[in-house]
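Right, one structure below, let's go through it.
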Amino acid sequence: MSTLFLILFVFSHSLCVLQTQGLNSADEVNDSLTYLWPLPSEFTFGNKTLSVHPQLSLVVGGNGGNSSILRLGFDRYKAIIFKNSHGVSSFDRIRGMRLSYDVTKLKVVVHSDSEDLQLGVDESYTLLVLKKDGQSIVGEATIEANTVYGALRALETFSQLCTFDYGSKSVQVNRAPWSIRDSPRFAYRGLLLDTSRHYLPVDVIKQVIESMSYAKLNVLHWHVIDRESFPLEVPSYPKLWKGSYTKWERYTIEDALEIVSFAKTRGINVMAEVDVPGHAKSWGTGYPNLWPSASCKEPLDVSKSSTFDVVSGILTDMRKIFPFELFHLGGDEVNTTCWSSTRHVKQWLEQHNMTTKDAYQYFVLKAQEIALSKNWTPVNWEETFNTFPTKLNPKTVVHNWLGPGVCPKAVAKGFRCIFSNQGVWYLDHLHVPWEDTYNAEPLEGINDVSLQKLVLGGEVCMWGETADTSNVQQTIWPRAAAAAERLWSRREATSARNGNLTALPRLQHFRCLLNRRGVQAAPVTNLIGRSPPIWSGSCYDQ
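Residue numbers for the sequence shown follow this note's numbering, beginning at -4 and rising by one.
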């Protein structure tokens, strides 16, 4: 009976939402809204419709114009834009279909030839799509960017301007001319993907990365290992991946390199995480000496120097894979009971005049030293800051998750911070509606402009206890897109009065765009995240 009541409640609630929206068909589009996601910083538009040639050609300029990343990106977006268009066929000519087009070339000027992808890389761009008159270059849309990664963001925006018209069977740009000047609000716009709780095949990880690029997210936080499983190959300690669920649920070095390379061509960094000293039970499957004892298996044994040799070996091997300057060392949810209840660890603590809290600090700081020695900037979950803020290395990036108010405290002490308040940005919390995700503000409580600059950005977290290949994408999307606009677009635009009312139809439109691109994004307005539609209807109404 309780299950039936829940189903009826969700059904009736969703019907009320749809009635409140007042949308009866996909044709009822609010023309006053700009259906670009995330919303650009500055833009103007007109009232003309331009046609785009199905054989749209790329014209490049600038020192970075010959970048292979740019050319691959153009080919990728061209395939998306013209997915429903099959060129000009002889049948079209017989029917008198259009043989001339307003936009035949896409000119892309990239000023820098550097393809270095690090935190804070310039992602700004300008995009012009102008009508034919004396003020424009006839037949061209123009992108200008300082880096190839800014050009990639521009290509995404251009692809969203292009729509397929089923009447003329051609691609059009509506509301032209367009003039867009855009740049991100935050340098760090992340998504955590957990492959320890459930193994995700490499192709699925690539699908997630591809979909991230559509929302202009730029950091994949790969939570690759945890207490449940250790699926990653570590050549220095080859028995570690005995901690994988099975021998078929593993990532080779080559797999990891392929994921990093794939992400780079989309302008996305990969930040790996090795969570220590807790969340490490799986390590001991291959090396039991890492456990305090056979009956008490985490945190990692703090009393043995060999434990830190293993940590160093893992980081040494991973440094060859992950070039991103940030590396996550975890440090959360450390229950130190095993240390105080295991005889040899307890004796070590007494010899060093340490409490278990002291040992927790000792382990975290030693792990930070190892990461810093390999030219990484350490990122740690907020418990480390909450417990011993004055002892953390000053380069530490504090990663908030437990609730609000941590970033204001961290930046006040000079630390940089990443916002991931679990109450709004944990995607496995299925009861959190899109508007709560959208309205979460990383700078809340920080009024000093100089301190605001210490907030790198934010990250939505896809923890994997209840998500695997069968449902991970519909759990991520569309709520991750709500956070993505908060992180990219100007605060004035996302926090405007009645902002949710204008954001909702735009987010529904973006969710349908994701669906058309093959991303299994769930309905926006359902009461429970990732749940399927409750009845028949248009994608744009859900």
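Just so it is clear, CB atoms sit at the ideal spot from N, CA and C, and this is done for glycine as well.
Just so we're clear, the structure is a prediction, and the values are computed from it rather than from any experiment.
Where residue i falls, given that 16 or more other Cβ within 10 Å makes a residue buried
i    : result
D111 : exposed
L188 : buried
V541 : With the chain represented from -4 up to 537, any question about residue 541 goes unanswered, as that position is not in the structure.
D270 : buried
A251 : buried
E268 : buried
G60  : buried
Q537 : buried
R511 : exposed
K211 : buried
G185 : buried
Q95  : Sequence inspection shows Ser at residue 95; the Gln mentioned does not correspond to that position. It counts as exposed.
Where residue i sits in the DSSP three-state scheme
i    : result
F358 : helix
R314 : helix
N434 : helix
V519 : coil
W32  : coil
S533 : coil
N375 : strand
A267 : strand
S20  : Reliability of the predicted coordinates at S20 is poor, the pLDDT of 42 falling under 50, and the value obtained from them is presented with this limitation in mind. It is coil, neither helix nor strand.
I132 : Any reading at I132 needs caution, since the residue's pLDDT is 49, under 50, leaving its predicted position unreliable; the model's value is listed next. Three-state DSSP puts I132 in coil, outside helix and strand.
L387 : coil
I471 : helix
I254 : helix
Other residues of its chain near residue i: CB distance less than 7 Å, five sequence neighbours each side excluded
i    : result
P500 : N25, L28
I132 : Caution applies to I132, whose pLDDT of 49 falls short of 50 and renders its modelled position unreliable; the value that the coordinates give is listed next. There are no such residues.
R176 : S36, E37, T121
R485 : S36, R180
Boundaries of the beta strand (DSSP E) in which residue i is found, first to last residue
i    : result
E454 : 450 to 457
N395 : N395 -> no beta strand (DSSP E), and no H or E assigned at all.
Y120 : 120 to 124
D177 : 173 to 177
W217 : 214 to 218
V105 : 98 to 105
D198 : No beta strand (DSSP E) contains D198, which is instead part of the alpha helix (DSSP H) from 197 to 209.
C157 : 157 to 160
H339 : H339 -> not in any beta strand (DSSP E); alpha helix (DSSP H) instead, spanning 338 to 346.
Continuous alpha helix (DSSP H) stretch holding residue i: start and end
i    : result
N495 : 494 to 511
Y72  : 63 to 76
T44  : Not the alpha helix (DSSP H): T44 falls in the beta strand (DSSP E), residues 43 to 56.
T489 : 486 to 489
A477 : 474 to 483
Y183 : Per DSSP, Y183 belongs to no alpha helix (DSSP H); it is in the beta strand (DSSP E), 183 to 189.
From the options, residue whose alpha carbon lies closest to that of residue i
i    : options                : result
F317 : K369, S288, R511       : K369
R148 : G262, H424, A267, C333 : G262
V450 : A435, A488, T432, V406 : V406
S531 : L522, G524, P518, R525 : P518
Y30  : E151, Q515, F319, E293 : E151
Q155 : W371, Q515, G68, P33   : P33
A491 : P389, A366, E436       : E436
C333 : L285, I204, R511       : L285
V124 : A140, C402, V255, D97  : D97
D423 : N79, H339, H347, I523  : I523
Cut-off 8 Å between Cβ atoms - residues of its own chain near residue i, not counting five sequence neighbours on either side
i    : result
L51  : K73, I76, F77, V98, T99, K100, L101
P196 : T464
Spatial neighbours of residue i in its chain, beta-carbon cut-off 6 Å, leaving aside the 5 residues before and after
i    : result
A488 : L34
Contact with chain B by residue i, beta-carbon distance below 8 Å
i    : result
T152 : Looking for chain B here will not work: only one protein chain is present.
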